[in-house]
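Asks:
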Amino acid sequence: MAVTPDTGIETPPPPYLGRSVRIVGPVDNVDMNQTPHPRNSRGELGKALFNWYRNTISRDPLTRVSAPNHFADKRNFLAAVVNQAPKGKINAKPATVPDPAAMTRHIKAVARHMGADVVTVARAHPSFLYAATPPAKDSAARDVYQNRSEDVHQGRTVEQMVERYPYIIVATTAWDYEKLQAHRHFIGDAAYHVSQMKAQFILKALEGYIKELGYAALRGVSNPQAAGLASGVGELGRNGLLIHRKFGARIHMPDPIMTDLPLVSDQPVDNGVEDFCKICRKCAINCPTNSVPFGDKVVWNGVEKYKINWLTCYKIRPYMDTNWGSCLTCATVCPFTKPDVWWRSLTVWALSTCPIPARPVLVRALKAIDDRFWGVTRQTRVRWLGYDSGIKPGEHACTVAGCTATHDAGHTTHPAGDVGYYAPLKENTNRFVKRDV
Ligand code: SF4
Ligand code: SF4
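Under the working numbering, the first residue of the sequence shown is numbered 114, with each subsequent residue one higher.
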């Protein structure tokens, strides 16, 4: 192991993150102030995105109470109140932990009791951490999901942070499968944003619980995906999302908790995502902004992985916010994103236990079945509350009873069919790749 000169602390070797991602070179710790939302908050991504992010009020009332930054009144957005509450103190009399394995089971049970669908523990590594730079005041103040309102490193290097707080707890929620089928619609947004809000509440409660046990619970320190890969939440797909064994790509990866509570870490998993992504490409085919790569993995900041173009993915939002807030296409179309039923479990079990050299044959068969029964492109129509994903935007709230949409007086029935209205179509949206904001 190499020794960091200024601290004398040994830098651990690169961690194993499973088959989907490999650390192959030096990793520069990412400055959180340079991640997409803070950059946008400072106006560095152009006027359209800046105005969408800071000055747009959603016309959808559910979005206004569940999605960050598009509320009419911030006080109606509960997550803002919760995440910006003052930090609690750590109990001065820490609980003794004679058996870290028992404590790990306990913490996972508590997180599940609070509502988490997935809970894992990662062994912290310096490469997982954000750079030890203080948060930019303007960005942290606006993005209510950014938990880093203070300098959590407090002068420590990333190596010192890992030595002091050796574990990272990942606790998260899954999005509702049925509503997600109406992605690129306020219905899909509701699945995404409400479960995102729940994950924030759970993590905040878990943070408090760990402090009541007498241990530190730091947020805004670790990259969630790195901790998720190391602890076996899932594998990284071509779509840039962690793909879970049970929920597929429909899980959030919120800001995890770094702690000095003695725990036992989980290990990376092999669910067959690595083998599937080499052949599948459904997310790339369906991405309306061409942000998902068709080609091979690349090395980015010392990490070999599929690299999506986050900027072109991000850029589409200001142009679509009258119809929806979050695209979610690449998560919805993924063959791993299926209902949690027996045939799904059987399929993933078969894939993950199949010898690796034989997997391409199995993947081709499974992909053909997926295309046959679920389609290459999702077109499902979903009716929920007063929404109907089959109605063209502008008539989005139309229902036969209690209709609130503006349209001709004679319009009293829904359009026929089970196909959702999807806008924009991929072939019409190459401009989002080229447009210079
Ligand atoms: S534009 Fe949509 S499909 Fe493409 S990467 Fe972004 S979220 Fe995924
Ligand atoms: S849609 Fe296919 S290629 Fe994309 S992440 Fe899922 S399995 Fe991989």
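For glycine and all other residues, C-beta sits at the position ideal for the given N, C-alpha and C.
Using the C-alpha atoms, what's the distance from GLY228 back to ILE469?
Replies: Your numbering for residue 469 matches position 356 in the sequence shown. Your numbering for residue 228 matches position 115 in the sequence shown. In this structure, the alpha-carbon of ILE469 lies about 35 Å from that of GLY228.
Asks: I want to check one thing, is the minimum distance from the CB of CYS400 to the heavy atoms of ligand 2 below 6 Å?
Replies: Here residue 400 refers to the residue found at position 287 of the sequence shown. Answer for CYS400: no, Cβ out of range of ligand 2.
Asks: Once DSSP output is grouped into helix, strand and coil, what is the label at PRO128?
Replies: Locating residue 128 in the sequence shown gives position 15, where the first residue counts as 1. Coil.
Asks: My output table needs one value for TRP288: the three-state DSSP class, helix, strand or coil.
Replies: Indexing the sequence shown from 1 puts residue 288 at position 175. Correct three-state label for TRP288: coil.
Asks: Tell whether a beta-carbon distance below 7 Å holds between LEU326 and ALA208.
Replies: Start at 1 with the first residue of the sequence shown, and residue 326 comes out as number 213. Start at 1 with the first residue of the sequence shown, and residue 208 comes out as number 95. Their beta carbons are under 7 Å apart, which means LEU326 touches ALA208 by this criterion.
Asks: Would you decide whether SER133 is buried or exposed? Buried here means 16 or more other CB atoms lie within 10 Å of its CB.
Replies: To locate residue 133, count along the sequence shown from 1; it is residue 20. By the 10 Å Cβ count, SER133 comes out buried.
Asks: Using a threshold of 6 Å, is the CB atom of ILE421 nearer than that to any non-hydrogen atom of ligand 1?
Replies: For the purposes of this step, residue 421 is identified with residue 308 of the sequence shown, where counting begins at 1. In terms of side-chain proximity, the C-beta atom of ILE421 is found nearer than 6 Å to a non-hydrogen atom of ligand 1.
Asks: Within 10 Å of its beta-carbon, does GLN309 have 16 or more other beta-carbons around it, so buried, or fewer, so exposed?
Replies: Here residue 309 corresponds to residue number 196 of the sequence shown, with the count starting at 1. Per the 10 Å Cβ criterion, buried.
Asks: Among CYS440, LYS395 and LEU342, which one has its Cα closest to the Cα of HIS357?
Replies: As a working mapping, residue 357 is identified with position 244 in the sequence shown. Comparing Cα positions, the closest option is LEU342.
Asks: Check TYR419 in the structure and name its three-state DSSP category.
Replies: Residue 419 sits at position 306 when you count from the first residue of the sequence shown. Coil at TYR419, not helix or strand.
Asks: So who's on the other strand from ASP501, going by DSSP bridges?
Replies: Counted from its first residue, the sequence shown places residue 501 at position 388. ASP501 pairs with ARG496.
Asks: Look at the alpha carbon of LEU293 and the alpha carbon of ILE203, and state the distance between them as a whole number of angstroms.
Replies: For this step, residue 293 is matched to residue 180 along the sequence shown. For this step, residue 203 is matched to residue 90 along the sequence shown. Each residue's alpha carbon lies about 39 Å from the other.
Asks: Identify the continuous beta strand (DSSP E) that holds ALA235 and give its terminal residues.
Replies: To locate residue 235, count along the sequence shown from 1; it is residue 122. Segment 231-236, the beta strand (DSSP E) holding ALA235.
Asks: In the DSSP output, which residue or residues are listed as bridge partners for TRP413?
Replies: To locate residue 413, count along the sequence shown from 1; it is residue 300. VAL416, per the DSSP bridge assignment.
Asks: Sort PRO211, LYS391, LEU498 and THR493 by Cα distance to LEU475 and report the nearest one.
Replies: Working through the sequence shown from its first residue, we reach residue 475 at position 362. The candidate whose alpha carbon is nearest that of LEU475 is LYS391.
Asks: Curious, which full-length alpha helix (DSSP H) runs of at least 4 residues does the segment 119-200 contain?
Replies: 149-154, 160-168, 174-179 and 191-196
Asks: Bridge partners of ALA330, per DSSP?
Replies: Counted from its first residue, the sequence shown places residue 330 at position 217. According to DSSP, which records beta bridges pairwise, ALA330 is partnered with THR372.
Asks: Compare the Cα-Cα distances from LEU316 to each of GLY268, PRO369, PHE299 and PRO279 and report the closest residue.
Replies: Reading the sequence shown from its first residue, position 203 is the one you call residue 316. Comparing Cα-Cα distances from LEU316 to each of GLY268, PRO369, PHE299 and PRO279, the minimum goes to PRO369.
Asks: By Cβ distance below 6 Å, which residues in the same chain neighbour VAL377 in space, the five residues on each side in sequence not counted?
Replies: Start at 1 with the first residue of the sequence shown, and residue 377 comes out as number 264. Cβ neighbours of VAL377 beyond the five flanking positions: PRO213, ALA214 and THR217.
Asks: Do you know how far the Cα of ASN336 is from the Cα of ARG457?
Replies: One-based indexing of the sequence shown puts residue 457 at position 344. One-based indexing of the sequence shown puts residue 336 at position 223. Each residue's Cα considered, the two are about 29 Å apart.
Asks: Find the nearest neighbour of PRO174 within the set ASN189, ASN168, LEU162 and ASN164, judged by alpha-carbon distance.
Replies: Position 61 of the sequence shown, counted from the start, is the residue given in the question as residue 174. Here the closest residue by C-alpha is ASN189.
Asks: Measuring CB to CB, does CYS192 end up less than 7 Å from GLN313?
Replies: Position 79 of the sequence shown, counted from the first residue, corresponds to residue 192. Position 200 of the sequence shown, counted from the first residue, corresponds to residue 313. Per the sequence shown, residue 192 should be read as Ala rather than Cys. Yes, Cβ-Cβ distance for ALA192 and GLN313 is below 7 Å.
Asks: Could you tell me whether any non-hydrogen atom of ligand 2 is closer than 6 Å to the CB of CYS393?
Replies: Position 280 of the sequence shown holds residue 393. For ligand 2, at least one heavy atom lies less than 6 Å from the Cβ of CYS393.
Asks: Please work out which residues of its chain come closer than 7 Å, Cβ to Cβ, to GLY131, disregarding the five sequence neighbours upstream and downstream, and give them in chain order.
Replies: Here residue 131 refers to the residue found at position 18 of the sequence shown. Closer than 7 Å at Cβ, skipping near neighbours: LEU342, GLU348, PRO381, VAL382 and ASP383.
Asks: Just to confirm before moving on: does the CB-CB distance between TRP437 and ARG351 stay below 7 Å?
Replies: The sequence position of residue 437 within the sequence shown is 324, counting from 1. The sequence position of residue 351 within the sequence shown is 238, counting from 1. No; because the gap between Cβ atoms is not below 7 Å, this pair is not in contact.
Asks: If you compare alpha carbons, which of ILE136, LEU464 and CYS443 is closest to GLU387?
Replies: The sequence position of residue 387 within the sequence shown is 274, counting from 1. Among ILE136, LEU464 and CYS443, the Cα nearest to that of GLU387 is on LEU464.
Asks: Under a three-way DSSP split, which group does ILE315 fall into?
Replies: As a working mapping, residue 315 is identified with position 202 in the sequence shown. For ILE315, the secondary structure class from DSSP, reduced to helix, strand or coil, is helix.
Asks: How would you label ALA287, buried or exposed, when you count the other beta carbons within 10 angstroms and need 16 or more for buried?
Replies: Your numbering for residue 287 matches position 174 in the sequence shown. Result: buried.
Asks: Short check: CB of THR372 to CB of ALA340, under 7 Å?
Replies: Along the sequence shown, one-based indexing puts residue 372 at 259. Along the sequence shown, one-based indexing puts residue 340 at 227. Contact: no.
Asks: Roughly how many angstroms lie between the CA atoms of PRO128 and THR233, to the nearest whole one?
Replies: Along the sequence shown, one-based indexing puts residue 128 at 15. Along the sequence shown, one-based indexing puts residue 233 at 120. Whole-angstrom Cα-Cα distance: 16 Å.
Asks: Using 6 Å as the cut-off, classify the Cβ of VAL405 as near or not near the heavy atoms of ligand 1, replying yes or no.
Replies: The residue given as residue 405 occupies position 292 in the sequence shown. Yes, since a heavy atom of ligand 1 falls inside the 6 Å radius drawn around the Cβ of VAL405.
Asks: Residue range of the alpha helix (DSSP H) that GLN273 falls in?
Replies: Translated into positions along the sequence shown, residue 273 becomes position 160. Looking at the DSSP string, the run of the alpha helix (DSSP H) that includes GLN273 is 271-277.
Asks: Is SER426 near ligand 2, going by C-beta to nearest heavy atom under 6 Å?
Replies: Taking the sequence shown and counting its residues from 1, one reaches residue 426 at position 313. It is worth fixing the name first, because residue 426 is Cys in this sequence and not Ser. No, since every heavy atom of ligand 2 falls outside the 6 Å radius drawn around the Cβ of CYS426.
Asks: Are THR445 and ARG491 closer than 7 Å when you measure CB to CB?
Replies: The sequence position of residue 445 within the sequence shown is 332, counting from 1. The sequence position of residue 491 within the sequence shown is 378, counting from 1. ARG491 is positioned such that its CB atom lies closer than 7 Å to that of THR445.
Asks: Pull up the distance between the alpha-carbon of VAL137 and that of GLU417, whole angstroms please.
Replies: Here the question's residue 137 lines up with position 24 in the sequence shown. Here the question's residue 417 lines up with position 304 in the sequence shown. Their backbone Cα atoms lie some 7 Å apart in a straight line.
Asks: Using the DSSP secondary-structure output, state which residues sit across from GLY361 in a beta bridge.
Replies: Sequence index remark: in the sequence shown, residue 361 carries index 248 (1-based). DSSP lists HIS357 as partners of GLY361.
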